[in-house]
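Line by line, the protein sequences are chains A and B. Counting with my numbering, you get residues 586 to 1105 for the letters of the first sequence. Counting with my numbering, you get residues 1074 to 1400 for the letters of the second sequence. Worksheet: one structure, shown below.
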Amino acid sequence: MMRNALARIGAATLALAMTTTALAACSPSEGSESGDPTTITMLVLGDKPTNGRLEAMLDKLNERLEAEANADLELFYVEWADWQTQYNTQLLSGDDSIDLITTATDWLFAWENAEKGAFLPLSEEMLQENAPRTWEQVNADGHWDLTKLDDGQIYFIPEDNYTQYTNHGFFYRGDWAAEAGIPDGTITKFEQFTTYFEWVKEHQKDAYPWDIAGANDAALTGYLQGHTDGQTIQQISAGNYFPFQTTEADPYTVTSWYMEGDELLQAAELAKKWNDIGVWREDALNYDGDTREEFYAGLSGADQHHTQTFVTQIVDNMTKKQPGSDPKFFYWGQENGNVFKDILTHGAMAVNATSKHPEKALEVYDIVRNDEEAYKLLNFGIEGTDYVVTDDGELAYPDGYDSSTDALGSNFWAGRMDDFELDKVTDAPNKGEIYADLDAVAKEYPYSTLIVNKDMIDPTLAAMGGVLSEYLPQLQYGKFDDPAAAIEEMRQKLRDAGYEDARESIQSDMDAWASERGLK
Amino acid sequence: MVMQASVATPPRVGQHEIVRTRRRKTLLGRIVQHRVLLLMCLPAIAFFVVFSYAPMPGAWIAFTNFNYRDGIFGSPFVGLRNFEFLIKSGQLWLLTKNTILYNVAFIVLGNILQIALAIMLNEIRSKYFKKISQAVMFLPYFISVVLIGVIAFNLLNYDTGALNALIEQTGGDPIKIYSIAGAWPIIIVLFQLWQSTGYGSIVYFAAIMGIDNSLFEAAAIDGASAWQRIRYIILPSLKPTFIILLLFALGGIMQGNFGLFWNLVGNNAALFQTTDIIETSVYRMIISQNNFTSSTAVGLYQSLFGFAAVMLCNWIVRRINEDYALF
């Protein structure tokens, strides 16, 4: 009985397997121009929207893509929870169902992943043939060099035609700053935050002066940037930290502001002072609340992120949710002009090394980047339901639209174009002023074309990342009784991890790069 | 037996052939005979093949400078370089020490409490009270460690925690528990015991239930007190169970309860000195440092050490009493 039953199940399984194989063999060969449209999957970062607007937009966009390239676009989301891990493991998995990958050299590990072979090297011919408009524009601007590894190959396409400032700083409330006695309610020096925080602690009993959650090094970096002329080399990260700098005074010598100078100690002492005041939750390291919402709710005196967030979200939300709060932005490096323009690879698009349709993927990318109708669909949605254009030509939203539930969420951050962008009615009224001020002082990142060979120093960087992730969050939150001793201990551990070898290796790449360009 | 015979005596023509056919038949015959049992084993076998044996070759990554293009076996071989820093930084020693000490505490305190609880349950005469107590003690086992982390934070945090609120109410100074590394071994052990004792006591309770009733009757006739019953009947009867459980536990002495530690401590580096165990360290290395090689190196070290621990324990037990040994 049992054996017969088993035999029957076995036979059925075998039959099923054979049918499936036969069916697979019968399916039309993919990618042919005349057959079914090829589906191109694009990896984006962000939480996948569930309001149906994205799907509606994709239906319309795909009509156009089918007509132009016989292709459909699908989006694959790496969501914000644990995004760094998810992103890197997704790339590591070599999943061949993904064709296009959103990346960035300063926050999405583009160099690391290119070196590790996650991205397909793109030949000039391939780009010229399949993404001619993109090739032309990037080539005319001379930006392909920004995307090459030391093998001379192009690994991604830069979002090089889109102006944004993603330099970090503090958001704070002008109304509270004025009451704290700060002239005009405008903070112009990092240390003035001590006065501001003390006032908030004293007079706004419900609010934390700066509610902040989880491991962080914002206050340290902010201080270091405003009190040194250090220029962080963005090509080299150790874990979540960027430990190598040069100085503006000596731009071709690799050093580290975590290793040299007294400024780190000064920053740590200030952080300790803030901790003693009670600027953040005593247990901020274990807290994981949404601190931006706290800021919007008037329960935090400050928040930390970049200019772009300030002009597109903070001002609008704060004026609506905390009328009269007069939101302001103090960016790091403001007091000494040590601030940089965005690098052109803050957003970039790569083709997955295991993609089955790399040419088609480039074709689709070329369309959504350069075709105005496709671009607007992908970025703004369907006109009339997702957005409207005012008489002044500004982008606005239909009546009853709530950005927290109705957002399109397509998150295309790897090929936006100034030419197609519209000012938004929700933008900060003084956006132009803020940009103009930054334009006047911000420096160009000098090392965009520097290529660092990390083959030999990767284990060292990993070990350094481990040390930094142990010490920096505690220094940032002022948790060491003796910051000077802790810094000395951290420096010794970094030296043990091989800091000096790594520095020398980077220095030799820097020397070669500088002499090639006649800079040194 | 058959094999030994065929090797020991010079083979005669044809005999070897016969022996082999017979053996094959027997094996097949035995498979057929035990097909249902074997089928029942299949999921477990598949589990271990897929999750324990198949990934084993991947441990090679610990000896390479890994890149995606060349893959695990194509990436350049770097020998023991990935282990070097772990040793030099003292990390490996700290992790080993913490992991083992926590496990020793869990095993010793856990078993004592479980046995005590099982005996107490056994002594309860009221049926309803017994059931209710059992259910209440069981409950924590079913609470997710994520919730335990949240409960702990809400009890212990400095600004809004229940404990500090109580201390302040009574006129004391609040305590910065999340900055005191020394407090956490106690907190973690308490949470672990709270969660696992009730559940762990079932095995002992079942063993007590299985004791021959005539022993108790004889003891009653001899006028033994409750304490004497426990001392001379129950405890000796629990010895085999205790030893088997101890052996299993010692085999896992290098393995930590990741969920509990991660949810209680998370990324709070101020507590790592006393709370970082192998699992949490490996997780952080991958999550925040994208460091597959060093984390695999630690994992490999853990496995080898764990393997040695199992073998050693088994050998020792075998020395003492062969019946108690696992193999």
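Here a beta-carbon is modelled for each residue, glycine too, at the ideal position from N, C-alpha and C.
Residue i versus the options, residue with shortest Cα-Cα distance
i: Thr-773(A); options: Phe-914(A), Pro-828(A), Thr-690(A), Asp-726(A); result: Phe-914(A)
i: Asn-1184(B); options: Gly-1339(B), Leu-1373(B), Phe-1321(B); result: Phe-1321(B)
i: Trp-1257(B); options: Leu-1333(B), Gly-1379(B), Leu-1111(B); result: Leu-1333(B)
i: His-890(A); options: Lys-905(A), Ala-703(A), Trp-917(A); result: Trp-917(A)
i: Leu-1153(B); options: Val-1371(B), Glu-1395(B), Cys-1386(B); result: Val-1371(B)
i: Leu-847(A); options: Thr-813(A), Gly-994(A), Asn-698(A); result: Checking the displayed sequence, the identity of residue 847(A) turns out to be Asp instead of Leu. The residue with the shortest Cα to Cα distance from Asp-847(A) is Thr-813(A).
i: Asp-691(A); options: Glu-648(A), Met-642(A), Gly-824(A), Thr-876(A); result: Gly-824(A)
i: Ser-940(A); options: Phe-704(A), Glu-659(A), Ala-689(A); result: Phe-704(A)
i: Arg-758(A); options: Ser-995(A), Gln-669(A), Gly-886(A); result: Gly-886(A)
i: Leu-850(A); options: Phe-997(A), Tyr-1056(A), Gln-907(A); result: Tyr-1056(A)
i: Val-1209(B); options: Asn-1195(B), Thr-1270(B), Ile-1260(B); result: Thr-1270(B)
i: Ala-803(A); options: Gly-1083(A), Tyr-826(A), Thr-779(A); result: Tyr-826(A)
i: Asn-872(A); options: Phe-1378(B), Ala-1225(B), Gly-1329(B), Ser-1199(B); result: Inspection of the sequence shows that residue 872(A) is occupied by Tyr rather than by Asn. Of the candidates Phe-1378(B), Ala-1225(B), Gly-1329(B), Ser-1199(B), the one whose C-alpha sits nearest the C-alpha of Tyr-872(A) is Ala-1225(B).
Cutoff 9 Å: residue i Cβ touching any chain A Cβ
i: Asn-1171(B); result: no
i: Ile-1150(B); result: Looking at the sequence shown, residue 1150(B) is not Ile but Phe. Not an interface residue.
i: Ala-1366(B); result: It is Thr, not Ala, that sits at residue 1366(B) in the sequence shown. Output row for Thr-1366(B): interface = yes.
i: Gly-1339(B); result: yes
i: Ile-1360(B); result: yes
i: Arg-1304(B); result: no
i: Phe-1264(B); result: no
i: Cys-1386(B); result: no
i: Gln-1164(B); result: yes
i: Tyr-1231(B); result: yes
i: Phe-1124(B); result: no
i: Ser-1269(B); result: no
i: Arg-1357(B); result: yes
Buried/exposed call for residue i, threshold 16 Cβ in 10 Å
i: Ala-610(A); result: For Ala-610(A), the pLDDT reaches just 40, beneath the cut-off of 50, and the residue's location in the model is therefore unreliable, leaving the point undetermined.
i: Ile-1393(B); result: exposed
i: Met-1282(B); result: exposed
i: Glu-879(A); result: buried
i: Glu-1101(A); result: exposed
i: Gln-1268(B); result: buried
i: Ala-938(A); result: buried
i: Lys-945(A); result: buried
i: Pro-743(A); result: buried
i: Phe-1400(B); result: exposed
i: Glu-867(A); result: buried
i: Arg-1357(B); result: buried
i: Trp-1110(A); result: The displayed coordinates of chain A run from 586 to 1105. Any statement about residue 1110(A) would go beyond what the structure contains.
i: Leu-1036(B); result: The shown model of chain B, from 1074 to 1400, leaves out residue 1036(B), and the question about it has no answer.
i: His-788(A); result: exposed
i: Gln-1077(A); result: exposed
i: Gly-1051(A); result: buried
i: Leu-1318(B); result: buried
i: Ser-612(A); result: Residue placement at Ser-612(A) is poorly supported in this model, since its pLDDT is 40, which falls under 50; the coordinates still yield a value, given next. By the neighbour-count rule (16 or more Cβ atoms within 10 Å), Ser-612(A) is not buried but exposed.
Cβ of residue i within 9 Å of any chain B Cβ
i: Met-844(A); result: no
i: Ser-612(A); result: Caution applies to Ser-612(A), whose pLDDT of 40 falls short of 50 and renders its modelled position unreliable; the value that the coordinates give is listed next. Ser-612(A) does not count as touching chain B.
i: Glu-700(A); result: yes
i: Arg-1076(A); result: no
i: Arg-954(A); result: no
i: Gln-1054(A); result: Residue identity check: residue 1054(A) is Ser in the sequence provided, not Gln. Yes, its Cβ sits closer than 9 Å to a Cβ of chain B.
i: Phe-694(A); result: yes
i: Asp-873(A); result: yes
i: Thr-1045(A); result: yes
i: Thr-732(A); result: no
i: Thr-670(A); result: yes
Residues bridged to residue i (per DSSP)
i: Pro-912(A); result: Arg-758(A)
i: Tyr-793(A); result: Ser-885(A)
i: Thr-687(A); result: Met-934(A)
i: Val-1338(B); result: Val-1338(B) is not bridged to any residue.
i: Leu-980(A); result: Val-974(A), Lys-1009(A)
i: Ala-666(A); result: Answer is none; Ala-666(A) lacks a bridge partner.
i: Lys-1249(B); result: Lys-1249(B) pairs with nothing; no bridge assigned.
i: Met-627(A); result: Leu-660(A), Leu-685(A)
Ignoring anything shorter than 4 residues or poking outside the stretch 694–766 of chain A, list the alpha helix (DSSP H) runs there in chain order. Every alpha helix (DSSP H) of 4 residues or more that sits fully in the stretch 694–766 of chain A is shown, in chain order, as 695–700, 709–715, 717–725, 759–764.
Start-end ranges of the beta strand (DSSP E) lying completely within the stretch 863–910 of chain A, minimum 3 residues: Positions of the beta strand (DSSP E) runs, each at least 3 residues long and wholly inside the stretch 863–910 of chain A, are given as 887–891 in order along the chain.
Which runs of the alpha helix (DSSP H) at least 4 residues long sit entirely within the stretch 1261–1349 of chain B? Give them in chain order. For the stretch 1261–1349 of chain B, whole alpha helix (DSSP H) runs of length 4 or above, ordered along the chain, are 1286–1294, 1299–1302, 1308–1324, 1331–1338, 1345–1348.
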